[in-house]
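What follows is a single structure, written as structure tokens, with notes after it.
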Amino acid sequence: MKFTLNWLKDHLDTDASLEVIVEKLSLIGLEVEGVENKADELKAFKTAKVIEAVQHPNADRLRVCQVQSADGISQVVCGAPNARSGMVGVFAPVGCYVPGIDLTLKAGNLRGEDSNGMLVSEREMGLSDEHDGIIDLPEDTEIGVPLAEILGLDDPIIEIAITPNRGDCLGVRGVARDLAAAGLGQLKPLKIEKIDGSFESPIKWKSDAAVAEQVPYVAGRYFRNIKNGPSPKWLQERLLAIGLRPISKLVDITNYVSFDLGRPLHVFDADKVKGDLTMRLARNGEEFLALDEETYKLDDTMVVIGDDSGVQGIGGVMGGLNSGCSDETTNMFLEVALFDPISIAITGRKSGILSDARYRFERTVDSQSADWGVDVATQMVLDLCGGEVSKISSAGSIPSEKRVIELRPSRIEDLCAVAVAKDKQIEILSILGFEVTDKGDLISAVVPTWRPDVELEACLVEEILRIHGYENIPELQMEPESYLPQGVLTIEQRRVSNARTALCWRGLDEAVTFSFVSYAEAELFGGVPDSLRVANPISTDLDTMRPSILPTLLSAAVRNTDRGYADNALFEVGPQYVDDTAKGQQKMATGLRSGSIAGRHWESGSRTVDAFDAKGDALAALEAAGAPVDNLQVFTTAPSYFHPGRSGVMGLGPKNVLAAFGELHPRVLEAMDIKGPVVAFEVYLDNIPQPKVKKGESGKIKPALILSPFQPVERDFAFLVDESVEAGKLIRSAKGADKALISDVVLFDIYTGKGVEEGKKSLAITVTLQPKDHTLTDEEIEAVSQNVIAQAMKATGATLRS
Amino acid sequence: MDNLEELRSALLQRVEEASDLDALDAVRVQALGKKGEITQRMKTLGGLAPEERKEAGQAFNLIKQAVAEAIEVRKGTLHEAALEARLAEEKIDVSLPPRPTTIGKMHPISQTLEELVAIFGEMGFSVAEGHHIEDDFHNFTALNIPPEHPARQELDTFYMPEKEDGSRPVLRTHTSPVQIRAMQNTTPPIRIIAPGRTFRADHDATHSPMFHQVEGLVIDEKTNMGHLKGVLIEFCRAFFGVKDLPMRFRPSYFPFTEPSAEVDIGCTRSDGQLKIGAGDDWLEILGSGMVHPKVLENCGIDSTKFQGFAFGIGIERLAMLKYGIPDLRTFYETDLRWMKHYGFLPMEMPSMVRGL
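Top to bottom, those sequences are chains A and B.
Going by the numbering used here, the letters in the first sequence line up with residues 46 to 847, in that order.
Going by the numbering used here, the letters in the second sequence line up with residues 37 to 392, in that order.
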């Protein structure tokens, strides 16, 4: 919402300066978005007289001018063809900034003649494209008048943001009323005179019963023998100042009243209307050519204004091209209507039309303005266009119910910790237009018709407080619920945080990527049900909720690789989606690695990423998140987007999976256009069992540490097994050989080739025995060793390699 | 005796001439070993008269002692020389880089979130979360945003496909549904922050279709706007690390709060640089207000008994301002160079007592 300072002063009797007004506006909730003060920007430029202009001795196209300004005489070399003795122009002295040519003037010398300043053209001032010559003013113009004043640009323009509840401030008068309440002057009375018509309107307003709720009331009247044409200068200047293009008197009047009083109007060229005008619902498929020269298809939820020949306007949104007023219009029919905001919003959204009328009706206009709006419009049309006016024609009725709200004066302090005297509360509400009755311990307020947003007591609290000033609210400390701050994170939240930290320590960088991917990417990573496809995506790249974090990470790895950074180690802790329910959103710690590990080095060579990097990442995240990693079993049932032979899952059982890991499927990599291998992991944080903590215990205590005084003993074994045997099975069987004595089993070598028969492999393990109460005898060690061999054979068919 | 003196000087000379530890040991054996010269010569003393023998014995012992001492000294010297030689040989090029290991960086959104938790946690707020695909009631209606309300239009909502019952889930446009659920499921007092992903159908230089918000909610019998002011001022000053950060509360409008306030922090803008702190300009940072009585009632909370405040802040915006990250869109691009530059090492969880 834009207006000028003088426009505001039409409604507000105030001595306040621009600065004071601007600051106050923001403080009462009318946030100032910008102030344009041309007078300030152009203050260096003033009228000046060219006393003498003579031909430059050394340049055909230049003239040497003696310029008389308010500050004395300056010599200026000027190239304009219209520079001549006796003219009055606009002088820019040395040191000032000329906006149109982005230059700060310096004293200069042009081909031997000094030049101090400049006589400017409109284009040089950034005012227009006019550059045929310098600004040429009437010769009786006084010297030293600021350019802004000459051009009528000395009225500062203020732009404020209007929140959706303040439809009343979409007119300058509403803004003035708020400022008056805030103590910045008096609201001037609005002079409205009832003007009686001298004849019956040949066109009548009618309204279908079906639209009684959407259009409670419409009124208008007929103007004959009027003269349209360009508006007077003052009106054009105001409209230009707020960014509107002057069109003709009639159209400018509708725009002016809309911005001045927040009252949208519409004017029909009465000679182009066939019969009466009716507010009715459109018929499905009906078409309408609007003022913006676009044709709109209508449906039967939209209110239109129809005559005998068809649709002449979409009610409250936009008028029709065919019945619009032009310079030739001599008879006009006026529309002043009330529309239901929701109906306007629906029609507006469906048609996609953005108009000042829609904007205001959506935010609710003052219902009484449907009455006085007719008078205001009549007065202005008669003033500017002459002619005669008919009696008023109307249909429906203006809603008459008044909203009364009771306010406990103590409520301000209860809610806002500010004491405002009751008299002050009453005063503020009164200036804002509430009819206030003091009932002792209650204030009864009748809400003005232009403030339908004020619904309950809390709204009155806000009205009083915003005018009284939020700066008066004290800063209070909340009472702590306990002396010390309590732990505020749940176990799940700490797991997320811990998994993130662990993965960073593993060398992976944390990413945050979008929750949506393209449908094709979703399909590549397992697919989603239709319920996870966004109905109104901003692009098809982002139209499906991701079933895995991997597609967005992989896309990032592709981009990084294309930039020349092929070694990616990325992870994200975030959501993936299985369906549209609350449970269908899973919390994941997902990551990938591409390229090589650790890069090249002079001593330790680099190495391509492999599945065990991903397995290690998954285990690190699991352990940090509190999963029982020692009890995890590995299965080869990873999702389809992993390499079937180089991937696995880890879980507490085949149905209780905590993580998947491995190389990504070559088909996926091909589809995403990245060279492999890429390895990845997905940790299901939600699936990690909760630690069991007994009631009344902290759960922090650790089991006692028992340190054995006896040295551990290590024994190495090399087993021959079938190539298909999983090493994990052998390790588990060895561990199980004597759970009390065996503290660790480490696989330290895998060998195939010479000395090992075809189809077999050799697995070498170190078994650590930790005696607890005595040094082991050779016999005891031998017995355990034999059991390790026996268990390995039983579990995997292993034989000891000789 | 001349003979003895010759022997002594000959042996000492040989000790001195020994060039390494092996040669020195050979000298030791030649002089002091079982068949060494001194040992051999001492064996000849048996033939002497007792007086002479005693005297000669002492003389030999002196030589023996002197030679042994000389050997020890020489040994020390040679040892030292050998060590020097070894050290010289073992010299490495310490300018060579070590074996590479990497620590990954934490995303600025995570870091900022941890800071928020640290500050608000200290003030007694716990952390509540929720899901992203919401129903109309929790995202709009309960928040006093009726259908076709201009405020709803301004939210640029992403919709999911219509369900069989005609309802249409949405991607939450704010984390307010989390607050609604908290109010539905708990009896006041409530003191929570709700951080998380939010979605709006808008994509340009300053808008992302997905971004992060943190919202706060306090409901009890006496919390008022003074507390709101106190909490937010305390928060902003702690978060930005500017003790005297000027703050301005302006009336505004949100359907779910009444009275509502927008909050500005002081700043200066010069040469395209924005600096947070006392200055000549204001920067809007968050929205807040007293929870609207209708919202309380929509969640089954008696608005005549309970009251409180709510606020909402964009996490990316906070991170951009605090850490000088110029472009919102870069947060989600996963450009390794950006991550290394703007990311955070995972060394230290933000904490008020350690300092943010």
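Beta carbons: idealized from backbone N, C-alpha and C, even for Gly.
Do we get a CB-CB distance below 8 Å when we pair residue i with the residues of chain B?
i, result
"Met363/A", "no"
"Met523/A", "yes"
"Cys214/A", "no"
"Thr92/A", "no"
"Arg545/A", "yes"
"Cys123/A", "no"
"Trp495/A", "no"
Do we get a CB-CB distance below 8 Å when we pair residue i with the residues of chain A?
i, result
"Arg110/B", "no"
"Phe347/B", "no"
"Asn260/B", "yes"
"Tyr359/B", "no"
"Ala237/B", "yes"
"Leu132/B", "yes"
"Gln343/B", "yes"
"Gln189/B", "yes"
"Arg353/B", "no"
"Met326/B", "yes"
"Pro282/B", "no"
Go through its chain and collect everything with a Cβ distance to residue i's Cβ below 6 Å, but skip five positions before and after it.
i, result
"His176/A", "Ser166 and Arg168"
"Pro282/B", "Gly302 and Ala314"
"Thr59/A", "Leu229 and Gly230"
"Ala227/A", "Lys69, Ile73 and Ile512"
Under 8 Å between the Cβ atoms of residue i and residue j?
i, j, result
"Phe384/A", "Gln259/A", "yes"
"Trp250/A", "Ala440/A", "yes"
"His248/B", "Ile351/B", "yes"
"Gly552/A", "Ile139/B", "yes"
"Lys47/A", "Ile195/A", "no"
What is the rounded straight-line gap between the Cα of residue i and the Cα of residue j?
i, j, result
"Met37/B", "Lys71/B", "For Met37/B, the predicted structure reports a pLDDT of 45, less than 50, and the residue's modelled location is therefore unreliable. A value from the coordinates is still provided. Taking the straight line joining both Cα atoms gives about 22 Å."
"Thr681/A", "Asp789/A", "25 Å"
"Lys330/B", "Phe176/B", "12 Å"
"Ser830/A", "Thr811/A", "11 Å"
"Ala206/A", "Arg286/B", "13 Å"
"Lys236/A", "Tyr404/A", "26 Å"
"Asp731/A", "Ala705/A", "14 Å"
Residue i touches chain A at which residues, Cβ-Cβ below 7 Å?
i, result
"His168/B", "Ser560, Pro620 and Gln630"
"Tyr368/B", "Val557, Thr558 and Phe559"
"Ser146/B", "Arg545 and Glu555"
Using a cut-off of 8 Å between C-beta atoms, extract the partners of residue i located in chain A.
i, result
"Met159/B", "Met523, Pro525 and Pro530"
"Thr138/B", "Gly552, Ala614 and Ala643"
"Pro245/B", "Phe559, Phe561, Ile583 and Leu587"
"Pro287/B", "Leu72, Ile73, Gly74, Glu507, Leu510, Arg511 and Tyr515"
"Val163/B", "Val533, Leu534, Thr535 and Gln538"
"Val153/B", "Val533 and Leu534"
"Ala297/B", "Tyr515"
At 7 Å on the CB atoms, spell out the chain B contacts of residue i, in chain order.
i, result
"Asp297/A", "In chain order: nothing, as chain B lies at least about 27 Å away."
Anything in chain B within Cβ reach of residue i, meaning under 8 Å, just list it in chain order.
i, result
"Asn613/A", "Leu372"
"Cys549/A", "Ile139, Gly140, Lys141, Met142, Leu381 and Pro382"
Counting only the same chain and skipping the five closest in sequence on each side, list residues whose C-beta sits under 8 Å from that of residue i.
i, result
"Ser246/A", "Gly265, Arg266, Tyr267, Phe378, Ser435, Lys436, Ile437 and Ser438"
"Gln470/A", "Leu452, Pro454, Ile457, Ile488 and Ile509"
"Gly336/B", "Met219 and Gln220"
Whose Cβ in chain E lies nearer than 9 Å to the Cβ of residue i?
i, result
"Tyr195/B", "Checking the listed chains, one finds no chain E in this structure; the protein chains it contains are A and B."
In its own chain, which residues sit with a C-beta less than 7 Å from the C-beta of residue i, not counting the 5 before and 5 after it?
i, result
"Pro497/A", "Thr409"
"Leu152/B", "Ile229, Pro231 and Val250"
"Phe290/B", "Ser296, Gly323 and Gly325"
So residue i contacts chain A; which residues on that side make the cut at Cβ distance below 9 Å?
i, result
"Gly266/B", "Pro519, Glu520, Leu521, Gln522 and Met523"
"Pro205/B", "Ser576 and Asp625"
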